[in-house]
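Remarks on the structure that follows.
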Amino acid sequence: MASIILCAVSGALLVVPYNVSSPYLSVTSFITANPSASLLRNIHYWSAQLFLILTLVHIFDHLSKGTESNIKKKSVWFRLTLSIIFTLYVMLSGFILKADGDSLQAHRILSSLVSSLPWIGPMLQQTFIGSEGNFQVLYLQHAATATVILFVIIMEHARSLKVNLRTLLFTIGIITIISFLFRAPINALNSPVMKGPWYFVGLQETLHWVSNPLLITIGLILLLLLIYLIPWVKPLYSRIIKQFFVVMIILYALLTVNGFFFRGPMWQWQWPWEEDYKLQPLVHLEKINFSAADTAQLTIIQGHAEGCVSCHKGMSGFSDAHKPEFIGCFSCHGGDPLTLDKTKAHSSMFPVPGNLSNASEACGNVGCHPGIVPRVKISLMSTLSGIVSVDKWVFGETDDINLATHINDIGHTASGQHLRNLCAGCHLGNEKTNTGPAEWLERGGGCLACHLTYDKKALTTLDQVKRRQKSDTALPMFHPALDLNITNDKCKSCHSRSGRISMNYEGWHETELKPENVVGKDNYQVLPDKRVFVKMPADIHHERGMICIDCHGSYELMGDGKLYSHKEEAVKVQCSDCHAPKAIKQKSITGVDQETQLISWLRKFQTEGIQVVLTQKGEIPLVNTIVEEHGSRLSMIKKSGSGITIMKPPAKACTEGKAHARLSCEACHTSWAPQCIGCHNSYDSKAKGFDMLTNKVEKGTWVEYSTEGLAELPVLGINATDKSKKSGMVSTFTPGMILTIDKGSFSKGEKTVFHRLYAPSSAHTTQREGRSCKSCHNDPLAIGYGRGKLSYSTDGKWTFDPLFQNNKYDGLPEDSWIGFLQERKDQASTRKGMRPFNLAEQKRILTAAACLTCHDATSGVMKRSLVDFDKVIRERSKHCIMPVF
Amino acid sequence: MISRKIFLRLLITGTVAAFVALWSIMTGKNKMLREQPVVSKINAAKLGTGIFLFDKYIVVKSAASLKVFSNKCTHAGCRINQEIDGQLVCPCHGSRYDAATGKVLQGPAGLPLSLIPFSTDAKTGEITIKI
Chain A
1 MASIILCAVS GALLVVPYNV SSPYLSVTSF ITANPSASLL RNIHYWSAQL FLILTLVHIF
61 DHLSKGTESN IKKKSVWFRL TLSIIFTLYV MLSGFILKAD GDSLQAHRIL SSLVSSLPWI
121 GPMLQQTFIG SEGNFQVLYL QHAATATVIL FVIIMEHARS LKVNLRTLLF TIGIITIISF
181 LFRAPINALN SPVMKGPWYF VGLQETLHWV SNPLLITIGL ILLLLLIYLI PWVKPLYSRI
241 IKQFFVVMII LYALLTVNGF FFRGPMWQWQ WPWEEDYKLQ PLVHLEKINF SAADTAQLTI
301 IQGHAEGCVS CHKGMSGFSD AHKPEFIGCF SCHGGDPLTL DKTKAHSSMF PVPGNLSNAS
361 EACGNVGCHP GIVPRVKISL MSTLSGIVSV DKWVFGETDD INLATHINDI GHTASGQHLR
421 NLCAGCHLGN EKTNTGPAEW LERGGGCLAC HLTYDKKALT TLDQVKRRQK SDTALPMFHP
481 ALDLNITNDK CKSCHSRSGR ISMNYEGWHE TELKPENVVG KDNYQVLPDK RVFVKMPADI
541 HHERGMICID CHGSYELMGD GKLYSHKEEA VKVQCSDCHA PKAIKQKSIT GVDQETQLIS
601 WLRKFQTEGI QVVLTQKGEI PLVNTIVEEH GSRLSMIKKS GSGITIMKPP AKACTEGKAH
661 ARLSCEACHT SWAPQCIGCH NSYDSKAKGF DMLTNKVEKG TWVEYSTEGL AELPVLGINA
721 TDKSKKSGMV STFTPGMILT IDKGSFSKGE KTVFHRLYAP SSAHTTQREG RSCKSCHNDP
781 LAIGYGRGKL SYSTDGKWTF DPLFQNNKYD GLPEDSWIGF LQERKDQAST RKGMRPFNLA
841 EQKRILTAAA CLTCHDATSG VMKRSLVDFD KVIRERSKHC IMPVF
Chain B
1 MISRKIFLRL LITGTVAAFV ALWSIMTGKN KMLREQPVVS KINAAKLGTG IFLFDKYIVV
61 KSAASLKVFS NKCTHAGCRI NQEIDGQLVC PCHGSRYDAA TGKVLQGPAG LPLSLIPFST
121 DAKTGEITIK I
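Chains A and B, in that order, give the protein sequences. First residue of the first sequence? That's 1 in this note's numbering, and the numbers climb one at a time after it. First residue of the second sequence? That's 1 in this note's numbering, and the numbers climb one at a time after it.
See below:
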């Protein structure tokens, strides 16, 4: 009785700040800036919960003791049974009136359940629930009708409204203390996790399993009927009904636990040990502060109050879509938006939103980018699948070199530890922990890795923030932008390693030099991590002003929702998409997907009548391309803002004849690629190591001893996964893993293993002219034999004198891929379906090489050989010396 | 002769019945008045292909077709507010629908999303939806 009186009194007072025409705004406003109203709301909520719990306990107590038989009048018992409905109605309508996302959905469900009742359903729905988006009916019935009915029934039941003063004071005291400590629930308007009030979470779980909600409505009515029947049926049946209810209560409790702890966004099942497990807090801590609130500061964002913007008012620097007047601060940074207290507001906030650990709640929130975050999480830059699977394979921990896997699942095996010490830092899931632009040594950062832009003003503000004294009260007024300004530098922190494509592209090759060796010297660049790079020819696309994202679009960089094993599966764009005599695939920009259209709009590209190139693989629109003149003129709008460039079709030499029909574009047009000779890996159990996955210093580390990289023309081999030709395409390769691993240094008893694996390379050093004929046919490195001297004698014998010694494990020269005129049947590449030339292919290459020994590459006979090599050989002069293999 | 007791009972029953009838008619008319169709216009020609979640409906545009679905989950009436990988997902109980067809891919919902008729202005490409 005390709790319902307290509830009624607090409810009557809440009528003052509550505004039924803009309920969510009024509730969020008074929680934020009217501490008395907020406290009253908490009292109203907690006293109501206490009333419900005590009512349920009271019913249970009566039924377990059998005291229901004391009631002699059926009409009294009928009204008491009916009061259960009214109690639940008052509770649920109260839940709905707070008007957050959960409430609005609950309103719809209640409306739907009640309406589903035949004939009387629509009447009840209209009378007690009202139409969607209008709380007038619900509010008045909650505040007046239902409450009055409830009191009438209580009066009849308890005979009086008298309450023991001590009990009343005790209840007020307890509820007030709870109300100071815990906030009555209030959620955002849009949230992927929608949960009903605690007493209906079990019902929500039940609804998940029942296709027709009418069955639930009928079931609930039948349960009430059973309660009504308890006093009037034979004692045996009465006992059975009560036992049935005990079972139902246990079941309902289990369903409630299920709904609370194991249901996540979209009511999907989630295990607590899953990475994305999200448990909504059971209670939310409150901080009623009568002195801090200043209602004059309150800021309204899109129909709700947000305390954050009240303090951080006037902040600029944002891209249009992310301006606080549209999305506030809470949408990205979390925290508690419904307070003006700094500590409370900043509790549990994300100082660095966009890390993959919080991206689902920040960037990926409902109404923002919910479709993108799940894609990013399984994209190759997050999973590092290729690196992991190959490493696991060389360590003998998997049989599948194409295994689709994730960096977070590497464990602490020899390979797992190897990856942790040498590779695991470069993935989007690596947490960015500092404010400021992504640093060279701070790889990862989820969405921020690409989309966070600090301009000069933002950097100045950052500097001021770092030098800020505790006594300073002025808040920073400039925020870094979240935009599409994805410069090449953002790619470099990761892609300046391994294949080093970011550096190659701009014409820089890594050396073993120290910064002090190159002081004052031109043609050298020292990166912030002290690595020294020397100038080399840059990629022609770079020279023409193109940046990484001109070719690599959103579906490559953020993933397309598919789990890929290796980069060549994830990368869709290829040279021939743009460099074609006629566009192979094209589409009107107005007919492409929403994401591409949005990018086009944000970049202010013209859309009227514009056709864009679609990639041949995956049909992804290249948003910055323009197809004109019936497909015969292709151009690109450079995203760096440096104008438009025509994308020329391939030269005749590329398309004519069949001799080179199997050559990929990069086989000829790659000017150089960084290459190593080999490396040795051993584990030092005593040295200090760094676990790049956890970012912690640990004892013991794998150490790699490698040679200096060389910048040379790449090795050629066959990529049979490229289906452009049935027998595969000739593509570029570089040494991927020519390495020894001293496994015994990690686990005693294990042997040293050796692998000679080349990796497919896309060096990003495209040159306009193709490489020379001899650089392929007469160069032992290009064929796969390694560096050395390839000689052709007058008796038609090819010989090879290697530069490097033979490796003790396989007897091949250290830098080779295959032995001279030998074949490899084992796994020779870091991919299935990619291999060095087989013997027949080597013979054919060397036959052409024999021709090139005498004939100039530009001679007529060599030009004819490009058209039909076999014909040229058939019609050769008697002076020609054919090779003897 | 009808006794006074029976007469009173009949009178009370009649009065209650009359009130119920009034209630029924009142709510019926009220529903009609409150739920007047709201007209909404979209320039579909400027929409790309994809799934667009609006307040009251969902527009699904592909190269070949344009469909407007109600965003009311056919299971318990929740508003569908998320699209994941071409599927429309209900946040309340986890029903999933194929955005291209509106068909149920995963329960509890049993019925497909209801299609909302619309008219298209051939000149401007603008579509008019009444809901």
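Glycine included, C-beta positions come from ideal geometry on N, C-alpha and C.
Nearest residue (CA-CA) to residue i, options the options
i, options, result
"residue 410 of chain A", "A/9, A/2, A/694", "A/694"
"residue 64 of chain A", "A/90, A/227, A/135, A/147", "A/227"
"residue 67 of chain A", "A/230, A/528, A/625", "A/230"
"residue 433 of chain A", "A/456, A/353, A/321", "A/353"
"residue 263 of chain A", "A/208, A/172, A/143, A/590", "A/208"
"residue 403 of chain A", "A/566, A/372, A/244", "A/566"
"residue 515 of chain A", "A/423, A/530, A/446, A/371", "A/530"
"residue 605 of chain A", "A/636, A/618, A/166", "A/636"
"residue 308 of chain A", "A/331, A/112, A/320, A/318", "A/331"
"residue 857 of chain A", "A/875, A/563, A/653", "A/653"
"residue 554 of chain A", "A/522, A/591, A/37, A/447", "A/447"
"residue 246 of chain A", "A/450, A/56, A/232", "A/56"
"residue 599 of chain A", "A/586, A/578, A/624", "A/624"
Rounded separation between residue i and residue j - CA only
i, j, result
"residue 329 of chain A", "residue 156 of chain A", "52 Å"
"residue 48 of chain B", "residue 593 of chain A", "5 Å"
"residue 559 of chain A", "residue 739 of chain A", "31 Å"
"residue 50 of chain B", "residue 436 of chain A", "35 Å"
"residue 40 of chain A", "residue 26 of chain A", "14 Å"
"residue 675 of chain A", "residue 100 of chain B", "48 Å"
"residue 381 of chain A", "residue 374 of chain A", "13 Å"
"residue 90 of chain A", "residue 114 of chain A", "15 Å"
"residue 75 of chain B", "residue 95 of chain B", "8 Å"
"residue 102 of chain B", "residue 418 of chain A", "48 Å"
"residue 519 of chain A", "residue 532 of chain A", "11 Å"
"residue 701 of chain A", "residue 527 of chain A", "25 Å"
"residue 98 of chain A", "residue 197 of chain A", "12 Å"
Residues that DSSP places opposite residue i in a beta bridge
i, result
"residue 739 of chain A", "A/679, A/755"
"residue 481 of chain A", "A/453"
"residue 801 of chain A", "A/789"
"residue 879 of chain A", "Looking at the DSSP assignment, residue 879 of chain A forms no beta bridge with any residue, so it has no partner."
"residue 59 of chain B", "B/52, B/68"
"residue 705 of chain A", "A/680"
"residue 26 of chain A", "Paired residues: none, contrary to the question."
"residue 947 of chain A", "A question about residue 947 of chain A goes unanswered here, because the residues of chain A that appear run from 1 up to 885."
"residue 621 of chain A", "A/614"
Close Cβ partners of residue i (< 6 Å) along its chain, the five nearest in sequence each way excluded
i, result
"residue 406 of chain A", "383"
"residue 662 of chain A", "725, 729, 730"
"residue 43 of chain A", "10, 175, 179"
"residue 677 of chain A", "707, 814, 815"
"residue 387 of chain A", "423"
Residues of its chain near residue i, where Cβ-Cβ distance is below 7 Å and the 5 sequence neighbours each way are ignored
i, result
"residue 431 of chain A", "355, 357, 444"
"residue 525 of chain A", "508, 533"
Close Cβ partners of residue i (< 8 Å) along its chain, the five nearest in sequence each way excluded
i, result
"residue 779 of chain A", "713, 790"
"residue 576 of chain A", "584, 616, 650, 665"
"residue 53 of chain B", "71, 80, 81, 82, 83"
"residue 477 of chain A", "314, 315, 316, 461"
"residue 507 of chain A", "535, 536, 537, 538, 539, 542, 765"
"residue 121 of chain B", "127, 128"
"residue 163 of chain A", "1, 2, 5"
Is the segment 455-473 of chain A close to the segment 630-642 of chain A, with three or more CB pairs under 8 Å?
-> A contact is defined here as three or more CB-CB pairs under 8 Å, and the segment 455-473 of chain A fails this definition with respect to the segment 630-642 of chain A.
Say whether the segment 739-755 of chain A touches the segment 411-418 of chain A, bearing in mind that this needs 3 or more beta-carbon pairs closer than 8 Å, one atom from each stretch.
-> Short answer: they touch.
Is the segment 812-829 of chain A in contact with the segment 776-788 of chain A, if contact means three or more CB pairs nearer than 8 Å?
-> By the Cβ criterion, the segment 812-829 of chain A is in contact with the segment 776-788 of chain A, since at least three pairs of Cβ atoms, one from each stretch, lie closer than 8 Å.
Would you call the segment 277-292 of chain A and the segment 185-197 of chain A in contact, with 3 or more CB pairs under 8 Å?
-> Taking 8 Å as the limit for Cβ pairs, the verdict is that the segment 185-197 of chain A does touch the segment 277-292 of chain A.
Cβ pair count under 8 Å reaching 3, the segment 118-131 of chain B against the segment 50-68 of chain B = Note that the segment 118-131 of chain B touches the segment 50-68 of chain B; at least 3 beta-carbon pairs, one per stretch, sit closer than 8 Å.
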